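Protein chains in written order, with the numbering used here: chain S, 1 to 522; chain R, 523 to 853; chain H, 854 to 1184; chain C, 1185 to 1478. Please read the structure below before turning to the comments.
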Amino acid sequence: MAHRLLSGMMNYSDASIASTIAPFLSLEGVRKTYPGVVALDGFSMEVRPGEVIGLVGENGAGKSTLMKILGGVTTPDTGTITVDGVAHDGLTVEASIGSGIAFVHQELNLFENLDVAANIFFGREPLRAGPLKLVDRARLRALAAPLLKRVGANFSTDTSVSALSLAQQQMVEIAKALSIEARLVILDEPTSSLPLAETDKLLDVIKALKAEGISVIFISHRLHEVERVADRVVVLRDGMLAGTLPKSAINHDQMVKLMIGRMLKEREKAAESARPPGMVALSAKAIRTNAYPDRPVDLSVRHGEILGLAGLVGSGRTELARVLFGIEKSLGGALQLDGKDLVLGSAADAVANGIFLVPEDRKLTGILLDLSIAQNISLPNLPAHARRSLVSVRAEAATAEKQKSNLGIKSPSVATRTGTLSGGNQQKVVLAKWLAMNPKVMILDEPTRGIDIGAKAEIYGLMRALADAGVAVLMISSDMEEVIGVSDRIAVMHEGQISGILDKEQFSQENVLLLAVGKQPR
Amino acid sequence: MSKKDLGLLILILVVGAVVAIINPRFLLPINLANTSNLIGLFGILAIGQAFVIITGGIELSVGSVVALLGVLFIDFIATRGMAWPVALPLILVLGGMIGLAHGWLITRLKLQPFVVTLCGLLIYRGVARFYTADGTAGFAFGQNFPELEFLTAGRSWGVPNSFIALIVIAMVMWVVLHRSVFGRYLYAIGKNEEAAKYSGIRTGRVVMAAYVICGVLTALSAIYFAMYTRSISPASHGQFYELYAIAAAVLGGFSLRGGEGSLIGVILGTVLLQELQNLVNLLGIPSSLNFAVMGGVILIGVLVDQQWGVFRERRRMLEATRKGTAGAAAE
Amino acid sequence: MSKKDLGLLILILVVGAVVAIINPRFLLPINLANTSNLIGLFGILAIGQAFVIITGGIELSVGSVVALLGVLFIDFIATRGMAWPVALPLILVLGGMIGLAHGWLITRLKLQPFVVTLCGLLIYRGVARFYTADGTAGFAFGQNFPELEFLTAGRSWGVPNSFIALIVIAMVMWVVLHRSVFGRYLYAIGKNEEAAKYSGIRTGRVVMAAYVICGVLTALSAIYFAMYTRSISPASHGQFYELYAIAAAVLGGFSLRGGEGSLIGVILGTVLLQELQNLVNLLGIPSSLNFAVMGGVILIGVLVDQQWGVFRERRRMLEATRKGTAGAAAE
Amino acid sequence: AQEKPTLAFVVNGASDFWKAAEAGVKKAQAELPDYNLQLKYPEQSSVAIQQRLMDDLVTAGVKAIMVSAVDPKTSTDGLNKIASETALFTTDSDAPQTKRVAYIGSSNIDAGKQAAEIAKKAMPDGGKCLGFVGLLGADNAKERIEGMKEGLAGTKIELIDVRGDDIDQARAKKNVEDALVASPDVTCMVGFYSYNTPRIYEALRDAGKLGQITVVGFDDDPITLGGVKEGTVAATVVQQPFEWAYQGMKLMAAYLKGDKSGVPADGLIIVPTKIIGKDDVDAYAANLKAMSGN
Ligand SMILES: Nc1ncnc2c1ncn2[C@@H]1O[C@H](COP(=O)(O)OP(=O)(O)OP(=O)(O)O)[C@@H](O)[C@H]1O
Ligand SMILES: Nc1ncnc2c1ncn2[C@@H]1O[C@H](COP(=O)(O)OP(=O)(O)OP(=O)(O)O)[C@@H](O)[C@H]1O
Ligand SMILES: [Mg+2]
Ligand SMILES: [Mg+2]
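Written out as structure tokens, the structure reads:
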């Protein structure tokens, strides 16, 4: 294994030395089209051993497409990929793995019916001797345990993946990437569902990889993370290379400028509240959820405010949101809306009362990918778009057109399938369907997850506009900057309970963190 | 009418033309009437099945329900002397209740549709056989119900009334499926039930309604079948009818994953299947091959449809690329 | 053995005990041998089906394949005078080829398993009937194949050899399903085919292999069935056997969505179904109720399993929370 | 070929029983060159499918149909519809209330009585009989059972139960096996359908009880005939589908030509069933072979 030898001889943290040696991987004129879009257009880049490349770009810029090509999941229409000096027209998954490329996909790819160890070594199981290809289960566990430790996981190798939270699953994904004797690890938005401490842990893992001479491509919309770890930043715009920033030139404003082609005026922040908060809109009294059946939650959100809900992974925020939206039954406690008791039997009841949820998992629960933009927007309020329970396509299109121009949804028409939109635009469709209906309480669960910086700013603006119009906004977020930058008040959850509520003057990363781990703020 | 439906229609016409050339008696009014009568009976069944398939479900108990309700209907009016205008709605209600039970088990107790309706298939047939002690339910000699017989087995202007019933039901159901709020909900649920739920749709109720519709339509066709055969041996009556209904829907472009298919499609699927059966008999093909012909045609139909889809997708992609390139160049 | 399997085992023993109390002849060695013979035949079928169901597929043509290959086997050795040691592997190869064809249509041409195997159900039955011109394939009086008969219908130490064959196959298949890499891939594909593909698994081949295994095992049981009935009328032989096999798998804890189920489960499912049939006969229940009893028990079994799952999930959650809380407190 | 008038023989389902009828049709065809004779199997044994087959045959221009109706008692209207469009004859199981021209076949009641004769002869001291049949609800099964019970009335022989198997031969055999377990005191078994007797034979052989239990058979499956010859099957009641088909076809051809002399006043042409015992079996088998022409 040549690269091991090399890594022993050289110190790759010194980028100037690294740049003199042959690249591990290079792409030349890669082009990839999907129906209706050119996802990548003559893109070229190089990856040298031991280099951490930050890959940034707006939603739909082509980042995931590029990575899928490297992972062998799709093949480019034209262009060459050179790995270790060998040129390919396209890679297969085997070839990709075989040449030491490990890949953490943007969408999780775990098998819920298998345990953690089986998932980590899936497709590369240690075998027992003999022709039967039997799995050596003892060795499998022995191999998996140190990997879990390395990513800082606190669960065991024989836990079933179905019992893990999203973030814990993300850790398994990373452990899986580490398990390949990788020379290049590709992380496609690995932190999008990781908050706070876990993100730090991950960034440490990246640094450790680099120290071992392993290259990393790190894709993220959280630019400060990119700033922290990247040796070089590659910016994609509309499928083309918009520019490359050397380590010294990596800073927030430069990246944004390359990504969207101009400077962003207001830095991804919502405007200050234009009005004093009003009466309590929705309040939860001793609500108990499935995730923490013996931990009652008390929380109230007022008209006209944005209440941020922060907390560590699995602290029970999503579960709470699901109860407030009626998708899940509470195990006890009571809800009040505008001072009146509220019983939610289903999401339909919540919707009827003006309580809306923008869920965490956009593609599975937020929208119907196969329906058009107009059909998605009208879906929760279909009877209003119908005469004698027959749907009026015209009324539907009218509503959709209005929302499309209000929110700036980028698409050829409102009849476009939402599945073909970029993440940010999909998220806007989710918002649009509720905005078309006069919300009273708007719950947003990780509303900017996997969304680019431009779209983020727009969504913050929308939330503020909602609050100013008197809507009670509850925003769950694991992005510290976002919580602090956007909220009027911050509630922090710790193991199923609200551990504290911070007013604007108490806002600080430290305070949020302290509450999140169950300690008192200073 | 979608391109898919048009393709199916053309296939039906081409097959019809070929058969008519080989045996011109195919076009005799009596043959067309006989065949359209069966299209009516099976079509009503298939529409019911289609409503369930749209939601991503399946209804395997159809054949057994046809046997059970047929037995009950004949027993009610022929043996127990119930007036048919009472018995008929009663049977429809029973069908609806069976559908409701299935829907309830599927949506509330979260059982899989395949499992629930498979059990239904076994149970209803058993009950039907037990009810008559494995005997045959039929009318006594000379027992007549002129109005009922006219409505179910009679003809108006030479067209079987069962076929007319199908046309009426199809038109109503077309509006329900393709134009109504309920229909939209069905498609949405078939595509992604979870997301539909998060949009505030009471998915449980909608799915249950689909099973109820299927149950009622199955009950109606059970009555038609009973009046067509006028005798029901519960051990074999209606056997495999669920497969005919599913096959018609699949031929008509429905996906068993849900969320796809049109009402015209399922009707055309039924027409093609009945045309094939007619053809086998008319052209003197050994009837042992009947099944094989049916299976072969469904397979080829689905294959062509699928390959055609692949081809179109590819062309669309090519064109899109061209346009995309042109657009980029213009910028 | 999982808790689910244990529950099923207990159910089997309880039912057995009740029947034995009512009619002690249930426990006669001869009755146990007879029933375990059929468990052997249906069990082999059900294991094949299980491999397909694990991948999220379904194989509906099983009954027709049993008829077609049974007819061919008897025809080969009884009429055409082929030596059975030649005919037997030939039939197994044919079964494998049928499975391969299904797998190919499903994985390469992306047709739905339900559709492909539904067409298979129709086509193979048609071909079988055409092959014998709707006649019966059987042995002439006194035509004997002592070794073959011993292997298929004979007994060793009082245990039917078909049952012994099932045990051997089950053990091999248990290793394949639960210990081999291939088995692991099957589960993974059943749960998330896309992800398996991203992991570099040739999912197409794995799924195809599952259908081939199902085809070969079906062929084997077709031979056993042929040697059991010694006469096959292709119009009815094996009808609904796919439902028995699917029912056994479902009872044994398989999900038709794929990715769930154990080999022991499917065997126990088969045992329960055959026990029920035996019970109907031994307790003198009208044979018309046979189906209804089967359907009822499957429904109840699935319901209990489902409700039990809900209950356990809730308890697990409670406990997990407690532990979590305790752990946090200790920190 | 289209010019020649077509005569069709429609059976009630696919079964080997009708192979002899096929031979009869073949023989009649040789003697009726001016006609086109067909034997048709419906793809399922159900009223709807048989009715549909006949409708289609009428459409195809068939001049006369001889049918073994799936459910003759209650299919009056359907059969009358066919009778109004073509010459309709019934066979196997009569539908006397229809406008059929004639019935040619045997009497299932009489066949049942003959089975009772066999049992009485084989078990002069009496005994308990168990019956096995495909479809308990089918007319032919009911009539045979009824006939047998009538024939046994007043004797010490009793038909205690009849088990159905839905024409699933694996179940047919298992039914016999289970019966041996459940009712150890049974001394005689009756196979009412053609495949039931061979299944009884095999189950008894497997259990080593051949010869200990009296077997009464119906029809002429080779295994049944073999058993009769061996002495392990007491005797079997055979119908003569060959004759039904042969005579029926000739009769239909004559009828179409206007010669109605072959049709008796009551429209019933009974081809009697026969008991085939050990002494007759060789001759019967030879005849059978000769008829099927191989
Ligand atoms: N399978 C597909 N079919 C059609 N279009 C696709 C497909 N995959 C990606 N696209 C399109 O290709 C373009 C690039 O998508 P890609 O997923 O690479 O963007 P991205 O940079 O990863 O965005 P994000 O930050 O939202 O993850 C987008 O316009 C997207 O809609
Ligand atoms: N349906 C469920 N069944 C069992 N456990 C669950 C379920 N839903 C959530 N949990 C568990 O409950 C805990 C709280 O999860 P929840 O998703 O509400 O947290 P969160 O704060 O939103 O975190 P995240 O950032 O992961 O979304 C987690 O440990 C999760 O694994
Ligand atoms: Mg992406
Ligand atoms: Mg969450």
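Cβ coordinates follow ideal geometry from the N, Cα and C atoms, glycine included. Just so you know, these numbers come straight off a predicted model, no measurement behind them.
- About 6 Å separates the CB atoms of Met475/S and Ile306/S; that is less than 8 Å, so the two are in contact.
- When the beta-carbon positions are compared, Leu337/S and Lys713/R stay at least 8 Å from each other.
- For Ile1066/H, the closest C-alpha among the options Phe1016/H, Ile1022/H, Glu1166/H is that of Ile1022/H.
- Nearest CB-CB separation between Phe661/R and chain S: not below the 8 Å threshold.
- Taking a Cβ-Cβ cut-off of 7 Å, the neighbours of Tyr1081/H in chain C comprise Ala1354, Lys1357, given in sequence order.
- Not a single C-beta of chain C is nearer than 8 Å to the C-beta of Asn683/R.
- The shortest C-alpha to C-alpha distance from Arg464/S to any of Leu435/S, Gly450/S, Asp479/S is the one to Leu435/S.
- Taking 8 Å as the cut-off, the beta carbon of Val391/S is found no closer than this to the beta carbon of Arg727/R.
- Only Gln1235, Arg1236, Leu1237, Asp1239, Asp1240, Leu1241, Val1242, Thr1243, Ala1244, Gly1245, Val1254, Asp1255, Lys1257, Thr1258, Ser1259, Thr1260, Asp1261, Gly1262 from the region 1235-1263 of chain C bring a Cβ to less than 8 Å from some Cβ of chain R.
- According to DSSP, Ala249/S shares a beta bridge with no other residue.
- Residues of the same chain with a CB within less than 8 Å of the CB of Tyr977/H, apart from the 5 flanking positions on each side, are Ser914, Ser917, Val918, Ala920, Leu921, Ile951 in chain order.
- Neighbours of Asn884/H across chain C, judged by C-beta separation under 7 Å: Val1365.
- DSSP places Tyr460/S inside the alpha helix (DSSP H), whose first and last residues are 453-468.
- In the DSSP assignment, the residues bridged to Met442/S are Phe356/S, Val473/S.
- According to the DSSP assignment, Phe595/R belongs to no beta strand (DSSP E) but to the alpha helix (DSSP H) extending over 584-596.
- Leu203/S sits close to Glu225/S, with the two beta carbons spaced by under 8 Å.
- Its chain contains Ala1279, Thr1282 as the residues whose beta carbon lies nearer than 6 Å to that of Leu1263/C, once the 5 sequence neighbours on both sides are disregarded; these appear in chain order.
- Contact with chain H is absent for Met730/R, since none of that chain's Cβ atoms lies less than 8 Å from the residue's Cβ.
- About 6 Å separates the beta carbons of Ser743/R and Leu563/R, which is inside the 8 Å limit, making them a contact pair.
- Considering only beta carbons, no part of the region 923-941 of chain H lies closer than 9 Å to chain S.
- Close CB contacts of Leu811/R within its chain, under the 8 Å cut and outside five residues either way in sequence, are with Val802 (chain order).
- Taking the beta carbon of Gly621/R as reference, no residue of chain H falls within 8 Å; the closest one sits roughly 16 Å away.
- Scanning chain S for C-beta atoms nearer than 9 Å to the C-beta of Ile613/R yields nothing, as the closest lies near 27 Å away.
- Contact between the region 1451-1466 of chain C and the region 1309-1325 of chain C is absent: fewer than three C-beta pairs spanning the two stretches fall below 8 Å.
- Runs of the beta strand (DSSP E) lying entirely within the region 937-1008 of chain H and spanning at least 3 residues: none are present.
- Here Leu309/S has Arg317, Leu474, Met475, Ile476, Ala491, Met493 as same chain residues with Cβ atoms under 7 Å from its own Cβ, once five neighbours each way along the sequence are excluded.
- Residue contact with chain R for Lys963/H: present (Cβ-Cβ distance below 8 Å to some residue of chain R).
- Listed along chain H, the residues sitting closer than 9 Å to Phe652/R by beta-carbon distance are Pro1139, Ser1141, Leu1142, Ala1145.
- Look at Ile409/S here: in three-state DSSP terms it is coil, with no helix or strand label.
- Here Pro1382/C carries a helix assignment [DSSP, helix/strand/coil].
- A distance below 7 Å between beta-carbons, with the five flanking residues on each side excluded, links Thr191/S to the following residues of its chain, in chain order: Thr199, Leu202, Ser220, Arg222, Glu225.
- Secondary structure of Ala1286/C (DSSP, three-state): strand.
- Here Met279/S is exposed. Its C-beta has fewer than 16 other C-beta atoms within 10 Å.
- For Glu305/S, there is no enclosing alpha helix (DSSP H), as DSSP marks it with neither H nor E.
- In terms of beta-carbon proximity, Pro1406/C stays away from the interface with chain R, with every pair separated by 8 Å or more.
- Out of Asn511/S, Gln168/S, Leu466/S, Ala61/S, the CA that lies nearest to the CA of Leu407/S is found in Leu466/S.
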